[in-house]
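**Q** Chains as they are written, first to last, in numbering that gives the first Met the number 0: chain B, 0 to 538; chain L, 0 to 350; chain Y, 0 to 215. Glycine included, each C-beta is placed from N, C-alpha and C at the ideal position.
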Amino acid sequence: MTTDPPDYLHAERGIRSWLLTSDHKRIALMFLVATLLSLALGGAFAMVLRTKLLEPGPWLIEPITYNRLFTLHGVVMVFMFMIPAIPAVFGNFMLPMMLGAKDLAFPRINLASFYVYLTGAALALWGMIHGGADTGWTFYAPYSTSSPTDVAPIALGVFVLGVSSIMTGLNFIATTHMLRRRGLRWHDMPIFVWAIYATSIIQVIATPVLGLAVSLVAIDHAFQLGIFNPALGGDPVLFEHLFWFYSHPAVYIMILPAMGVIAEVVPTFAKKHPFSYNALAYSSLGIAFVGFLTWGHHLFVAGISQFDAAVFGVMSMFVAIFSAIKVFTWIGTLYRGSITFNTPMLYFFAFVYLFAFGGMTGIAVATTSLDVHWHDTYFVIAHFHFIMIGGTLTAFLAALHYWFPKMFGRMYPERWGLVSAGLVFAGFNLTFVPQFLLGNAGMPRRYYAYPDRFHVLNVMSTLGAYLLGASLILTLVYLLISLRWGKPAPANPWGSRSFEWRSPSPPPVHNFVEPFDPRKGTYAYDEPPPDEVPAMERT
Amino acid sequence: MNELLRRLLHLPEQRSSIAIGIDTLHYTVILATMAGVTLAAAVAAVFLFRYRRSSSAIPLTPRVVAPLWLEVGVYGGLLALFCAWWVVGFRQYREIETPPPDAIPIYVTAKQWMWKFAYPAGPTSQDALVVPVGRPVKLILTSRDVIHSFYVPEFRLKQDVVPGRAEMLWFEATEAGTFDVLCTQYCGTRHSLMRAQVIALSGADYARWLDAARAPLTLPGAKGDGQGLAERGHQIAAERGCLRCHTTDGTRFIGPTWANSFGRTRHTTDGRDVLIDEAYLTESMMDPRAVIAAGFQPVMPSYQGVLTPAETSAIVEYIRSLRDVEPVRTVPPPAAPLAFPPPAGTPGGNP
Amino acid sequence: MSAVVETAAGPLHVQYDSLERQHTTARLGMWVFLGSESLLFAGLLALYAAYRFVYPAEFHAASAHANLVIGTVNTYVLLTSSLTVALAIHATRHGNRRRTVALLIATIALGFTFDVLKIIEYAGHLREGLAPGAYYAFDELPARGVVLYVTLYYLLTGLHALHVTGGICVLIWLAVRAQRGAFTPASHLALELGGLYWHLVDLVWIFLWPLLYLIR
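#1: Could you give the uninterrupted runs of the alpha helix (DSSP H) lying entirely in the stretch 119-197 of chain B, keeping only those of 4 residues or more?
#2: Whole angstroms are fine: how far does the CA of L/Ile314 sit from the CA of L/Pro308?
#3: Looking only at C-alpha atoms, which of L/Ala18, L/Ser53, L/Glu96, L/Pro255 sits nearest to B/Gly302?
#4: For L/Glu277 and chain B, any beta-carbon pair shorter than 8 angstroms?
#5: With C-beta atoms as the reference, is L/Ala102 less than 8 angstroms away from L/Pro131?
#6: Could you list the residues in the stretch 151-162 of chain L with a C-beta less than 7 angstroms from some C-beta on chain B, going in chain order?
#7: On the DSSP letters alone, give me the boundaries of the alpha helix (DSSP H) that B/Ile261 sits inside.
#8: Considering only residues of the stretch 347-435 of chain B, which uninterrupted alpha helix (DSSP H) runs meet the minimum length of 4 residues and lie entirely inside it, listed in chain order?
#9: Could you pull the DSSP bridge partners for L/Val151 from this structure?
#10: Closest to B/Phe350 by CA distance: which of B/Ala123, B/Phe424, B/Ile218, B/Ser275 is it?
#11: Assuming L/Thr256 contacts L/Ile291 under a Cβ cut-off of 8 angstroms, what Cβ separation, rounded to an integer in Å, is found between them?
#12: With 9 angstroms as the limit, tell me which residues of the stretch 17-43 of chain Y have their beta carbon closer than that to any beta carbon of chain B; keep them in chain order.
#13: From the DSSP output, read off the bridge partner residues of L/Glu166.
#14: Quick check on DSSP: helix, strand or coil for B/Leu52?
#15: According to DSSP, is B/Glu531 helix, strand or coil?
#16: Excluding the five sequence neighbours on either side, which residues of its own chain have a C-beta within less than 6 angstroms of the C-beta of B/Leu279, listed in chain order?
#17: May I ask which residues mark the beginning and end of the beta strand (DSSP E) holding Y/Glu120?
#18: Taking CB distances under 8 angstroms as the criterion, tell me whether Y/Leu211 reaches chain B.
#19: Shorter than 8 angstroms from the beta carbon of Y/Val169 to some beta carbon of chain B?
#20: Just to confirm before moving on: does the CB-CB distance between L/Val161 and L/Phe149 stay below 8 angstroms?
#21: Would you kindly report the start and end of the unbroken alpha helix (DSSP H) that includes L/Asp179?
#22: Can a CB atom of chain B be found closer than 8 angstroms to the CB of L/Thr256?
#23: For B/Met344, which residues of its own chain have a beta-carbon under 6 angstroms away from its beta-carbon, when the five flanking residues on both sides are left out?
#24: Along chain Y, in chain order, which residues have C-beta atoms closer than 9 angstroms to that of B/Asp3?
#25: Would Y/Ser80 and Y/Thr99 be called neighbours here (beta carbons separated by less than 8 angstroms)?
#26: Do three or more CB pairs link the stretch 118-131 of chain B to the stretch 85-103 of chain B at distances below 8 angstroms?
#27: Round the Cβ separation of L/Glu351 and L/Ala199 to the nearest angstrom and send it over; I've been treating them as touching at under 8 angstroms.
#28: Any C-beta of chain B sitting closer than 8 angstroms to the C-beta of Y/Pro131?
#29: Measuring only the C-alpha atoms, how far is L/Asp179 from B/Tyr449?
#30: Excluding five sequence neighbours on each side, which residues of the same chain lie with their C-beta closer than 6 angstroms to the C-beta of B/Gly210?
#31: Can you give me the Cβ contacts of B/Phe321 inside the same chain, cut-off strictly under 6 angstroms, excluding the 5 residues immediately before and after it?
#32: Does the beta-carbon distance from Y/Leu11 to Y/Leu18 come in below 8 angstroms?
#33: Is there a Cβ from chain L that is less than 8 angstroms from the Cβ of B/Lys101?
#34: Label L/Leu67 either buried or exposed according to how many other C-beta atoms from any shown protein chain fall within 10 Å of its C-beta, with 16 as the threshold for buried.
#35: Is L/Val197 close to chain B? Criterion is C-beta to C-beta, closer than 8 angstroms.
#36: Would you verify that the beta carbon of B/Asn439 is, or is not, closer than 8 angstroms to some beta carbon of chain L?
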């Protein structure tokens, strides 16, 4: 046996070897740190907001501060955490490994996308310190073009973050097309790759339009161009169209990778071939394409024509079917499996429940006449937090636990994992179920002060938010501890058949020690395992 | 059953003619949602328990592929269910969007952070919308600055109020009572305090209120001296909707500003310069199309027969009192140069 | 274990099994980028379409004040520059370095001409008061609706001019590398991709010219 190559964490030393790396795994880790910091920042904003809402009247912070904070909460969470969270971290790390490749197609663009992300984040943060916009993350004109606050730096920050997102997407598309290991056909690829591929298509197509829309707001705010100004004949609703043309597909940018994670976790822990590979693979593409035709359901009460409302309503029903296909197939995959109940699996269970509920309430708000009551109330807030936190954050945590051994070569403590997953689930429900009821009762979103009749539910929601925040901190703490003191991880602790587990934990710089045959399928749990145990594990 | 579910879901009372229909669909959708999600979670839980691994050895599992009939059945069934909801929901939406022909029109103007209501018979009110029970009311809404949204939870109704556009919302209150109007489109610092009330009155009460509102103005301080007359002119100008188009601080809007105008000459579209005096102002109110100020559209309706001579002179006096206001030169405001329809009942209305 | 292997026909990165595949991947990436880039303009064109639909007469009246002469000359300038950049790639394929450099310089000069003409055009409009948004001060046409055309004109042509300027920078870099002999008949990927980008810049203008100048 030849000497083993060093793993990617120890191949080179020094800060330069990280900052100037072209290794997709190191870049993924840098993205992990950056997105976790963003999550902490956005979460801290949420805690202040929820604390303010303990009381109906004014206290703790001024209205303008509250308005800035919910804007920053939205901007940080959406553009700095949710969108890069799974693609730029786990997609970056796992996509080449799942394709049996040594790196992404364009490693330098990958590194550049990280620095572009940092630039965008720095611009946005500078804008925050500089006063912060109070427009909401939706930047609706004409408020955003006449707001007394400094909108431009944050809007430009969003634009730059969008550029980073496009670079990531472009890289993944090229990699998926061109760098599959010889013999790996499209229909042999892991579902996660399909999900990331579909996400990348959305990123590349939709993000420029968002970039344009927010740039127009920034330019307009600075120079009074008035492209959406009714005094000059402009129409503010056109901004809403441009914005949602991106931002509705952006919801799928956030949730599709999460679905991809779940589609990996389930076969691994159920030791089972997916109930229907094609359904999972093509429903991702279906979401990517049909998702472009549903944006108008954000405008049902903004004064669109009845014809538009009809078309966007029915398209929203169609796009929901693809999500239903996924849920059905995941649950079907459990049938006659051999299931172990590890932390990622508990997160899967939470995901199925929360995502299904969030998705079904999505059907509810897409039902046109019901949306009239719910639009811009806490019902909508609860709905998309069910998708974004109940879906994406839950899947992010599932991925973090699932791939933790591979990424860091250490095991996390299983018992702590299960406990904190349970706490996250409980805290989440306590936070957001009351918000559904608040929406039913008619509490509008972005409300600094509210009528007394909403008080009890708001207090419940705030307590839930504290629990959710505490359990996330708990998770972070034990994961940080296991980075150093966790048990060393074997190459394939879960007995998965997916390609990334055929490499040692952590993987060497160019991912694989020994060649393997990708035709030994990634989900072939009905066949004896190939002799894939790599060299490192035997040492 | 309705009452139980309504309370369970924390829905407000149903106080418009369409609320009960919408709530029925709401119950159907939410109950089906909860049933479906519970079923999915239960099946997952049963599978997790039933197929848990007992030994540490990893066995081989069969490759079970979903049979086509099952997939088609499940997805087809779900799609049919979703589309059925969509059909019902869209029919209700059309009902919400299509006002009955006999609806009473009321003009609503939103601005940061207040609501103003103007009635066909002339009276205006701020932050209180008085409507009759059992008769359809049609709101025609526009905004003076940014996007707002008119929302009455008890009516299950909401409409964004967009500057530059006239949006429409109709409802029929079913019971007397007072209901909150909430703004649901974020509109700035005091968004959460931009509230008004709908006061639904029974037929007889509404008639009484309307009579009182139409009664000739008896204002404190209307003694006939210059200062009092100007104040009265200000009130009339506000109530008759003059200030919806003319500003009093020099800001350029739909009509020429009144600030610092009296006694000056004005350039007109036909190339003349006219002196702004009592005669010109009176003529402009009675026959607004006769002389159009340069740079403005001929959109003002005639107030012939709407304003009494006393009211006309009060407004003139008010404009005279503004002659020393220094006009501010501003960029065009982000507001609507909308040809706002005059209160119905005004003769010579400009459509 | 190095990430790059030098071969006769250029550096081969470790994740590729052949130089040919590496080049195909780069071309694919460029096409995806160009597609994404064109959607940036698509957003503005969607605005243009919507407002043109609402204000057909105003757009008609406003576009009559566009400078058709400069617009048309600029169209020919850009079309010619696309030809020269294509010829430059052709010259590289035949190993003619001097001609490559000369043609690239010609392309740069044409791009520069375009920008200068554009600035002259802008200056003329601004003198007349045809300025965007709140700065509109054109006496012959009332602002409403017309100003939307004017603002969109500046946004569309301004964004395009930014792309032209970016393209010129790329071409200068390519010309310097060509002069140093970096491109061989077998290996000139950067030149090819730079040329592709320049064609996109040209193509966008082919849409802007009729929309802003010709449709009356």
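**A** Well, looking at it:
#1: 142-145, 151-177
#2: Counting from 1 along the second sequence, the entry for residue 308 of chain L is found at position 309. Counting from 1 along the second sequence, the entry for residue 314 of chain L is found at position 315. About 10 angstroms.
#3: As a working note, residue 302 of chain B is residue 303 in the first sequence. Minimum Cα distance to B/Gly302 is reached at L/Glu96.
#4: Taking the first residue of the second sequence as 1, we reach residue 277 of chain L at position 278. Cβ-Cβ to chain B under 8 angstroms: no for L/Glu277.
#5: As a working mapping, residue 102 of chain L is identified with position 103 in the second sequence. As a working mapping, residue 131 of chain L is identified with position 132 in the second sequence. Their beta carbons are not under 8 angstroms apart, which means L/Ala102 does not touch L/Pro131 by this criterion.
#6: Pro152, Arg155, Leu156, Lys157, Gln158, Asp159, Val161, Pro162
#7: On the first sequence, position 262 is the one that residue 261 of chain B refers to. Start and end: 235-269.
#8: 367-373, 377-384, 393-407
#9: On the second sequence, residue 151 of chain L is found 152 positions in, with the first residue counted as 1. The partner list for L/Val151 (beta bridge, DSSP) reads L/Leu156.
#10: Residue numbering aside, residue 350 of chain B sits at position 351 when the first sequence is read from its first letter. Ranking B/Ala123, B/Phe424, B/Ile218, B/Ser275 by Cα distance to B/Phe350 puts B/Phe424 first.
#11: On the second sequence, residue 256 of chain L is found 257 positions in, with the first residue counted as 1. On the second sequence, residue 291 of chain L is found 292 positions in, with the first residue counted as 1. Contact flag wrong, Cβ pair sits at about 15 angstroms.
#12: Arg20, Gln21, Thr23, Thr24, Ala25, Leu27, Gly28, Val31, Phe32, Gly34, Ser35, Glu36, Ser37, Leu38, Leu39, Phe40, Ala41, Gly42, Leu43
#13: Residue 166 of chain L sits at position 167 when you count from the first residue of the second sequence. Answer by DSSP bridge pairing, in chain order: L/Leu140.
#14: Residue numbering aside, residue 52 of chain B sits at position 53 when the first sequence is read from its first letter. Coil.
#15: Locating residue 531 of chain B in the first sequence gives position 532, counting from the first residue. Its pLDDT being 48, under 50, B/Glu531 is placed unreliably by the model, and the measurement read from it follows with that caveat. Correct three-state label for B/Glu531: coil.
#16: As a first step, residue 279 of chain B is located in the first sequence; it is residue number 280 there, counting from the start. Same-chain partners within the cutoff: Ile190, Ala262, Pro273, Thr328.
#17: For the purposes of this step, residue 120 of chain Y is identified with residue 121 of the third sequence, where counting begins at 1. Per DSSP, Y/Glu120 belongs to no beta strand (DSSP E); it is in the alpha helix (DSSP H), 96-127.
#18: By one-based count along the third sequence, residue 211 of chain Y stands at place 212. Judged by the 8 angstroms Cβ criterion, Y/Leu211 is not in contact with chain B.
#19: In the third sequence, residue 169 of chain Y corresponds to position 170, counting from 1. Not an interface residue.
#20: Stepping through the second sequence from its first residue, residue 161 of chain L is reached at position 162. Stepping through the second sequence from its first residue, residue 149 of chain L is reached at position 150. Result no, Cβ atoms of L/Val161 and L/Phe149 do not sit closer than 8 angstroms.
#21: Stepping through the second sequence from its first residue, residue 179 of chain L is reached at position 180. Careful: L/Asp179 lies outside any alpha helix (DSSP H), inside the beta strand (DSSP E) at 176-182.
#22: Reading the second sequence from its first residue, position 257 is the one you call residue 256 of chain L. So, not an interface residue.
#23: Within the first sequence, numbered from 1, the residue matching residue 344 of chain B stands at position 345. Around B/Met344: Phe268.
#24: The residue labelled residue 3 of chain B in the question sits at position 4 within the first sequence. None at all; the shortest Cβ gap to chain Y is about 12 angstroms.
#25: Numbered from 1 along the third sequence, position 81 holds the residue referred to as residue 80 of chain Y. Numbered from 1 along the third sequence, position 100 holds the residue referred to as residue 99 of chain Y. Cβ distance not < 8 angstroms, so Y/Ser80 and Y/Thr99 don't count as in contact.
#26: no
#27: In this structure chain L extends from 0 to 350, so residue 351 of chain L is not present and cannot be described.
#28: For the purposes of this step, residue 131 of chain Y is identified with residue 132 of the third sequence, where counting begins at 1. Yes, Y/Pro131 counts as interfacial toward chain B.
#29: Indexing the second sequence from 1 puts residue 179 of chain L at position 180. Indexing the first sequence from 1 puts residue 449 of chain B at position 450. Taking the straight line from one Cα to the other gives about 12 angstroms.
#30: As a working mapping, residue 210 of chain B is identified with position 211 in the first sequence. Phe158, Gly161, listed in sequence order.
#31: Along the first sequence, one-based indexing puts residue 321 of chain B at 322. For B/Phe321, where only same-chain residues beyond five positions count, the Cβ hits under 6 angstroms are Ser282, Gly285, Ile286.
#32: By 1-based counting over the third sequence, the position of residue 11 of chain Y is 12. By 1-based counting over the third sequence, the position of residue 18 of chain Y is 19. Going by C-beta atoms, Y/Leu11 is nearer than 8 angstroms to Y/Leu18.
#33: As a first step, residue 101 of chain B must be located in the first sequence, where it is residue number 102. Judged by the 8 angstroms Cβ criterion, B/Lys101 is not in contact with chain L.
#34: Here the question's residue 67 of chain L lines up with position 68 in the second sequence. Burial call: exposed.
#35: Locating residue 197 of chain L in the second sequence gives position 198, where the first residue counts as 1. No, because no Cβ of chain B sits closer than 8 angstroms to the Cβ of L/Val197.
#36: Numbered from 1 along the first sequence, position 440 holds the residue referred to as residue 439 of chain B. Chain L contact via Cβ: present.
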